[in-house]
Amino acid sequence: QVGSVGSAMMLLFGVLGNSFGQDFQLPDWLLTVGRITPNSWGVQSFAQLASGGTLADIAPAIGALLLMAAVLFGISAARLSRAGFAK
1 QVGSVGSAMM
11 LLFGVLGNSF
21 GQDFQLPDWL
31 LTVGRITPNS
41 WGVQSFAQLA
51 SGGTLADIAP
61 AIGALLLMAA
71 VLFGISAARL
81 SRAGFAK
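For the sequence shown, my numbering begins at 1 and goes up steadily by one.
Next comes the structure, spelled out in C-alpha cells:
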C-alpha cells in the first residue's frame, strides 16, 4: 500500500511542481500552489544554476528544502514514536 500511495504522491508532486514542463505551460495559480512541493524548488534551482546562477542565488530554495525536510522528519518521528516503533 505504501508503494502505491508513494507513487501517486510523487506523480502529484511532479505535476504540481512543474517537473514535466516549462513554467509558461501552467497557469499562475498552479505555479503558486506548486510551491508547497520540493519538486518546484528543485526544478527552479536547477534552471537557475543552468542559466548561470550561483549558490547564493539558490540559497532561499536550499533553505526551503531544508525546512521541509525538518518538518517532515519531525512529523515522521512523532508518528513513529506514538506507534511504538521508536524506543
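Glycine included, C-beta positions come from ideal geometry on N, C-alpha and C.
- Take the alpha-carbon of A47 and the one of D28: they are about 18 Å apart.
- One alpha carbon belongs to G42, the other to A77, and they sit about 24 Å apart.
- Under the 10 Å beta carbon count, T54 is surrounded by fewer than 16 other beta carbons and is classified as exposed.
- Closest in alpha carbon position to S19, among G6, F85, N39, is N39.
- One alpha carbon belongs to V2, the other to G21, and they sit about 27 Å apart.
- Less than 7 Å separates the beta-carbon of T37 from that of L16.
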